[in-house]
Each structure stands twice: as structure tokens, then as C-alpha cells.
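With our numbering, you'll find the sequence shown wraps up at 741, consecutive numbering, no jumps. Backbone N, C-alpha and C define an ideal beta-carbon position, used for all residues, glycine too.
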Amino acid sequence: MKLLRFCLVIALGMLCLYPSKAQTAFFNVWDPQVNFNEQFGWASHRAVFQQASITLRPVGIYTEVGLYLTIAAPEGTFQMGTQLEAGLNFSLPREAIVNDSWLWVDSTIIQAKIMDRWSATTVYENIVNRRKDPSLLTKNGNVYSLRVYPLIMGKSRRVKINYLMPGEWTAEEVKTVLPADILRSSWGSNPEIELKAFVEAPWKNPSLPSHPELAFTPGVDPVLGNYFATRIPKASLDNRELSFALDSPLNNGVFLTRSGNDQEGVYQMVLLPEHFLKANQIEKPQRVMVLVQYEAERSPGVTARQLLSTIKSQLKKTLGPEDFFNVALAGVVPQVLAKDWVSADEREIDRIFDGIAAENLSGFNLPGLLAKGIEVIKTSGDEGKVIVFANAGTEGGINTANALVKELEDIKGNANIPFFIADFATHNTPYYYIANYNSFGNAFFYLRWTYQTKGDFRQQKFCCGSFEELANEVMNLALAEKGPLDLHTSLDAGFCYNRYDLNNEEGLYYQNKPILQIGRYQGKWPFVIELAGISHEYETVNIPFDLAEETDSTGTIIWSGQYIKSLEDKLTIYSTSYGDVQKIQALVEQSIQTRVLSNFTAFLCLEPSQGGEPCFKCLSLNQGGQIVSTRDLQDSLILSKISPNPFRERVMIQLKFKELIDFSKAQISVYNHLGQVVRTFSDVPKGKVQDLELHWDGNNDGGVEVPPGVYIFRLQTPGGQYSQKLVKLDR
Numbered sequence: 011m012k013l014l015r016f017c018l019v020i021a022l023g024m025l026c027l028y029p030s031k032a033q034t035a036f037f038n039v040w041d042p043q044v045n046f047n048e049q050f051g052w053a054s055h056r057a058v059f060q061q062a063s064i065t066l067r068p069v070g071i072y073t074e075v076g077l078y079l080t081i082a083a084p085e086g087t088f089q090m091g092t093q094l095e096a097g098l099n100f101s102l103p104r105e106a107i108v109n110d111s112w113l114w115v116d117s118t119i120i121q122a123k124i125m126d127r128w129s130a131t132t133v134y135e136n137i138v139n140r141r142k143d144p145s146l147l148t149k150n151g152n153v154y155s156l157r158v159y160p161l162i163m164g165k166s167r168r169v170k171i172n173y174l175m176p177g178e179w180t181a182e183e184v185k186t187v188l189p190a191d192i193l194r195s196s197w198g199s200n201p202e203i204e205l206k207a208f209v210e211a212p213w214k215n216p217s218l219p220s221h222p223e224l225a226f227t228p229g230v231d232p233v234l235g236n237y238f239a240t241r242i243p244k245a246s247l248d249n250r251e252l253s254f255a256l257d258s259p260l261n262n263g264v265f266l267t268r269s270g271n272d273q274e275g276v277y278q279m280v281l282l283p284e285h286f287l288k289a290n291q292i293e294k295p296q297r298v299m300v301l302v303q304y305e306a307e308r309s310p311g312v313t314a315r316q317l318l319s320t321i322k323s324q325l326k327k328t329l330g331p332e333d334f335f336n337v338a339l340a341g342v343v344p345q346v347l348a349k350d351w352v353s354a355d356e357r358e359i360d361r362i363f364d365g366i367a368a369e370n371l372s373g374f375n376l377p378g379l380l381a382k383g384i385e386v387i388k389t390s391g392d393e394g395k396v397i398v399f400a401n402a403g404t405e406g407g408i409n410t411a412n413a414l415v416k417e418l419e420d421i422k423g424n425a426n427i428p429f430f431i432a433d434f435a436t437h438n439t440p441y442y443y444i445a446n447y448n449s450f451g452n453a454f455f456y457l458r459w460t461y462q463t464k465g466d467f468r469q470q471k472f473c474c475g476s477f478e479e480l481a482n483e484v485m486n487l488a489l490a491e492k493g494p495l496d497l498h499t500s501l502d503a504g505f506c507y508n509r510y511d512l513n514n515e516e517g518l519y520y521q522n523k524p525i526l527q528i529g530r531y532q533g534k535w536p537f538v539i540e541l542a543g544i545s546h547e548y549e550t551v552n553i554p555f556d557l558a559e560e561t562d563s564t565g566t567i568i569w570s571g572q573y574i575k576s577l578e579d580k581l582t583i584y585s586t587s588y589g590d591v592q593k594i595q596a597l598v599e600q601s602i603q604t605r606v607l608s609n610f611t612a613f614l615c616l617e618p619s620q621g622g623e624p625c626f627k628c629l630s631l632n633q634g635g636q637i638v639s640t641r642d643l644q645d646s647l648i649l650s651k652i653s654p655n656p657f658r659e660r661v662m663i664q665l666k667f668k669e670l671i672d673f674s675k676a677q678i679s680v681y682n683h684l685g686q687v688v689r690t691f692s693d694v695p696k697g698k699v700q701d702l703e704l705h706w707d708g709n710n711d712g713g714v715e716v717p718p719g720v721y722i723f724r725l726q727t728p729g730g731q732y733s734q735k736l737v738k739l740d741r
């Protein structure tokens, strides 16, 4: 009896500790002047995204995601003109690295300052109380909070959140899950989304696996290069994951990037052990018994066709022709689809699954289906794994579950048959109150049975944002062979250090799961990768410096993100020991230096009068949604002469370029320290020119002299921009 209680504690503890990959978001507005002293007493209302755009750029292991949002309050929620505060609370996967935040003040972009969280929060709260103009972005683990003030009722504000997200790597593709839950948090209907991906070799063939009906249109930006664009309709986000994919750039199971020179820098590496190791060293073939049980009313977001299609694609992705599989369907009498094991060749997988009629899927007799899976494997020599896709919910009570586990144990006997269960029930399923815990559906039974069989179990409702993600998770758990594997990275005449493995929390590698590693290097190339295991001889690959893909300084930001996370895992905001305080100080310094958001820092945007600086080099989206180039034209100049500077009455600006510059759509302006345009130059040459000379008399567009102070001259063309400070003295 004590042993049973012990197992129950373990099982229910596992239920509470499932890693959550689901992204959630809540978007609200409220009047902070109502019940202001009651921090949580404000009456809030759902807010609206009027527009949404996403930019994507692959950077090594990661994809850089730029999320542009135009926010507003729904009509009729408050009196017109009320100064509201908007709050977006959202989650991102633990591996995400948030590295920028912008706020638009009128048409001017304010790039956030990063500072320690306590100071930033104090400044923000004081400004909101004084009815000024900031935004504040903070994080706590993988949960983020963006606050924007003021949002005038009847008007809109624009913000940007920039983050880096590691891809889900396979031999065929690299998939990045995009923040669909943030976009779905808009009140009423989802916004239409413009998506633009900037990709260069070795990246190819962008696609939306979650929306295969949408196609990308290629285009070329004069500075940023090739891009692919598409629009995602409002209705296409309902109950669907949003994912972006590119062809995998792996070469013989390896992809390596570097940020730095041939002596020191940061590397990012992806390694697929099963492709890296010699074919004759790979483990013996897999035998997989797939069991399918389906009740439509318990999973309204998963159709029968989608269920079968997803299982089929997962088998193709994780099995090879040397492996074997079989399938059984639930029913009063469970139906086994093949008399013997079937080769997991793609054509055979298609043949079996394409022959299943959706109407033949059944919700009856889950216990009989599990027993049938055991019987099939036992008749073939007690070798095989069982993968269950089910959404039943009536076997989760403690008495029913315990009796069923005992019956299945009697059928299984001493056979080693691990069960891996994907429970995709999300609706119309009861909760069972067991030992002070609420167990959803069949969770208690599944936990007990997979614990007994040395398998594993995941529940879509608590672990995954979609059925596709759940299926991928459980298939990897079932078919990934855990180490022992030994990996070592170094340089031929040097070393690697400060390594971080993104998916190696248990200290063991999986033979058919990618190893994602980020680290620093110092010394002389080539880069050396060594991998081995008990049943594998050492395999070594040397990669020359010029064969590692070069990334920009974002590679260093990615390494800093991992360093900061490693410190965060050991600290809390309540840490008070001397050693912890020193670690927090180091973390804050690293966070501020590299602009990587942490639990102890914050991104704060202020209006220019409060210390915010207009960002003239920030990449933006114009009203039409097209990318506006912000390449600095400084490198294209032969001559840049501003005289006199400082000036009292008149200043001359002379520019001479190395090549012809297209001025047909140029914008030339002078801004004050608030980011406001005070003078616009319209008498400029049209077409392509190489020399430009302008004079400013210190007056604004209305002919009135501007006061002494610092001003910014800005030239913006389709091919780039140039800006310089001007100092006007009192006459």
C-alpha cells in the first residue's frame, strides 16, 4: 500500500511538472486614473490589434522575429479621448531571447533603453501618474508584460517587440513557431497579418507548414536583399498553430555558423547524431505499434483527416525503410490493419494510412485497443513500442484506472513494451479529484500505465499549443534513443568554452534528436567535432573557417542570451546573499551591454522630452507595409561637410557620394530634440545624383526662427539614410 501511495505521488507530481510549450496571451486596456491606488482594481476591457506585421530572418540556429502591432481600444468601451493604459501579457518558449522594443510617438520611432528593472518600473509608474508617454517591457521566466501609456480612446499606438527563437530542426526542415496566441488576443476578430521573410543562402524554400494553402511571393529590397512575403487572412489563425519553415541547411548532419574572426568569436552548431555517425553503427531497426482512438466532440480543433495526416507525416519523419510499423484502430472489436509488420518506407506508410476511412475511426473500447497493441507485439517476440493517439476521458477515475492497469499488466506479463501516449482531448472531458489534485480526463490512468511500462505521456491541454506539436513531442519521446553519447567541440589549435546545449537538460543526448549547441571559440581553425557512444566508434569532422556560415553580431547576442538564462536559473528577485547579489549585478551588466531582456532588467521607451531618443536608424514598416531601408550611407560618401557647425544664422551641408544616389523619393528633413520635423527640404534634385548641397537658415517650415539647441539633419532615400547633428547657437 505504501508503494502504491509513493507511485501516486510521483505520478501526480509529474502531472504538475509537465514543461509547457504553449504560448498564451492576454491583451487589455484600462483607465489607470480609476481606483489608481488599488493596483489590481482597475476595470479592464479587451483591446484590439488594428494591424499586425511579422518580419523573419534566420540567424544560425535561431530566427529573428520582429512583431509590429498597431493597438487600440474597442469602440464604446470608454469615453472618447480618455487616456488609457494598454497591457499585453504573453508567454514565449523558454529558449526565446527578447532583444528589443520600440514605441512610436506620432511618426517617430523611440527605441527602448534597457536598464535595471527596479529603476525602469519606477520611472514608468511615475510617468503614468503624470500622464506622459512611455512603454515598459518586462519578463518573469517565460512570461512577458508590455505596458503602453497613454492609449487615447479613439486613436491607436504602434509598438514593436523583437525576439530570437530557436528553430525545430530535422534533416528536412527548420521550423519556427510564431506568436499566434499574441495575435489571437485581439478582441473581436484576429488581424490580417503581413509576413515578410528575409532569407539568403544557405536558406531556401520558405513555407508555412501550418497554412499550406498560402504561398509566398518573392521580392527584392535594394539593401536587405531577397525576401518572400505573404498575407495571412483573419480567419486563418483560428485554433491553428502559426509556423514558418525553411529547408534544412544540414550537410552530413552538421550545420555550423560563426560570429567573429578566425581567432575568437561565437559559434552555433546543429548536429544530428544519426546522420553524423556511420550508418552501420546505428541501432537496430525500430518496431512501432500505432494505436488510434478518436471522439470528435472531445477535440473540436482536430478533424479525423487531420489526425491521420499528422500521424502519417510524423511516421515518415521519424522512421526509415529499415524500421517497421503497424496500426490498430479502436472499436468494439479493435481492428489491426496489417497481418504482419510493415516496412516504414514512405510509400508503405501512405498505403496504410490512405486506406483508412475517416468514418472508421472510433471512440469505443480504449482498454481493448491497448490490450490489442500488447498482443501484436508479444506475438512477434516481445520487441516493440506502442504509440497511442487517444482523446478518451472515462478511464481516469482512481478505481477504474487502478483496475485497468492491473488487467493490462497481467496481459503484458514480463514483456518489455513501453507505451507512449498522446492525449489530445481538450473539451467535454471530466476532471477527477485525486489526492488533492485535479486530474484532467485520463491523465491519472495514463501516468500510471506509462510509469509502469517505462514509457511517457503528454496531454495537449497542458503541454502543447496544437495537435501537431503534441504528436511531434510524443513521437520524439518514443523514438529518440537516449545516450550514452559523448560530444566534444574544439579547435584544431585552440579550444571551445562557455558551451550551452539548448536541448540537453538531462545530461543525455538523443541519437535521433538534434543537438543544438552555442559556445565561444579561441585559437586557430579548423573547428573539430568529435562524437561517440558505447556502441559507436569516435567520429571526427574538421570544418574549415571559410566553410562555417558567417552571421552578424546577432550571434553574440544569442550567446549572451544563453549566459543570462544560465544565471537566471540560479537566482530569484528575492536573492539576498552576497554571492547572489554579485551574480545579479553581473547579469544586469551583461543584459544592458547586449540589450538582452532578463528577469532583472526592462525595456523602457520614453517620449523625447523625458529622455527618449528618436531612432533614425531603426528599421521600420511604412503605412503600406513595405520595408524602408535604413542602410547608413556614411560608407558611400566621399565628402561630408557641414559648415559652420555650430552655426548662428546659416549652415551649409555638402555631400558627395561614391556612386549615383536615387533622390526621386528622397525625404530630407531637420528634426528637433523631440523628434519633431521643423524643416523639410522640397527643392532637391530628382533622379540620380552624386553631389548634393543644401542650406538651412535656421527657420522652420513656417519661416519662424527655431530656438538654439541640438537638431538632427536626416536624409532618407530608398537605398539608405544619412543623419548628422546640427548645433544652433543664439544669434
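DSSP-derived helix/strand/coil call for residue i
i: ALA558; result: coil
i: PRO695; result: coil
i: SER570; result: helix
i: GLN603; result: helix
i: GLU307; result: helix
i: THR690; result: strand
i: SER576; result: helix
i: GLN296; result: coil
i: CYS473; result: helix
i: PHE374; result: coil
i: GLU183; result: strand
i: GLU223; result: coil
i: ILE20; result: Since pLDDT at ILE20 reaches only 28, below the 50 mark, its modelled position is unreliable, and no value is offered.
i: PRO176; result: strand
i: TYR441; result: strand
i: LYS326; result: helix
Where residue i falls, given that 16 or more other Cβ within 10 Å makes a residue buried
i: PHE505; result: exposed
i: HIS221; result: buried
i: TRP128; result: exposed
i: GLU274; result: exposed
i: VAL302; result: buried
i: TYR443; result: exposed
i: ALA744; result: Outside the displayed span of the chain (11 to 741) sits residue 744, for which this structure offers no information.
Through-space distance from residue j to residue i, alpha-carbon basis
i: GLN61; j: LYS244; result: 11 Å
i: SER500; j: SER576; result: 21 Å
i: LEU557; j: ASP496; result: 24 Å
i: GLU540; j: TRP569; result: 22 Å
i: ILE242; j: GLU284; result: 36 Å
i: LEU739; j: VAL687; result: 19 Å
i: GLU305; j: VAL606; result: 45 Å
i: THR463; j: GLY406; result: 18 Å
i: GLU85; j: SER54; result: 14 Å
i: THR92; j: VAL44; result: 11 Å
i: ARG724; j: ASN710; result: 15 Å
i: GLY708; j: GLY475; result: 58 Å
Reference residue i; option with closest CA among the options
i: ASP248; options: GLN664, MET299 and PRO310; result: PRO310
i: LYS523; options: LEU616, LEU281 and VAL680; result: LEU281
i: VAL264; options: VAL298, LEU670 and GLU549; result: GLU549
i: LYS651; options: GLN664, LYS395, LEU147 and THR180; result: GLN664
i: ILE671; options: ARG357, GLY708, GLU307 and LEU702; result: LEU702
i: ASP333; options: GLN324, ILE321, PRO344 and VAL352; result: VAL352
i: ILE722; options: TRP706, GLU202 and GLY394; result: TRP706
i: ALA122; options: GLU105, PRO144, LEU102 and GLU135; result: PRO144
i: ALA348; options: VAL298, SER449, VAL230 and GLY229; result: VAL298
i: LEU487; options: PHE477, GLY465 and CYS474; result: GLY465
i: GLY97; options: VAL39, ILE137, ALA83 and TYR134; result: VAL39
Residue j beta carbon less than 8 Å from that of residue i
i: ALA402; j: GLY373; result: yes
i: ILE120; j: PRO624; result: yes
i: ALA411; j: ARG468; result: no
i: ILE64; j: LEU205; result: yes
i: ASN109; j: TYR173; result: yes
i: LEU161; j: LEU94; result: yes
i: ILE124; j: SER601; result: yes
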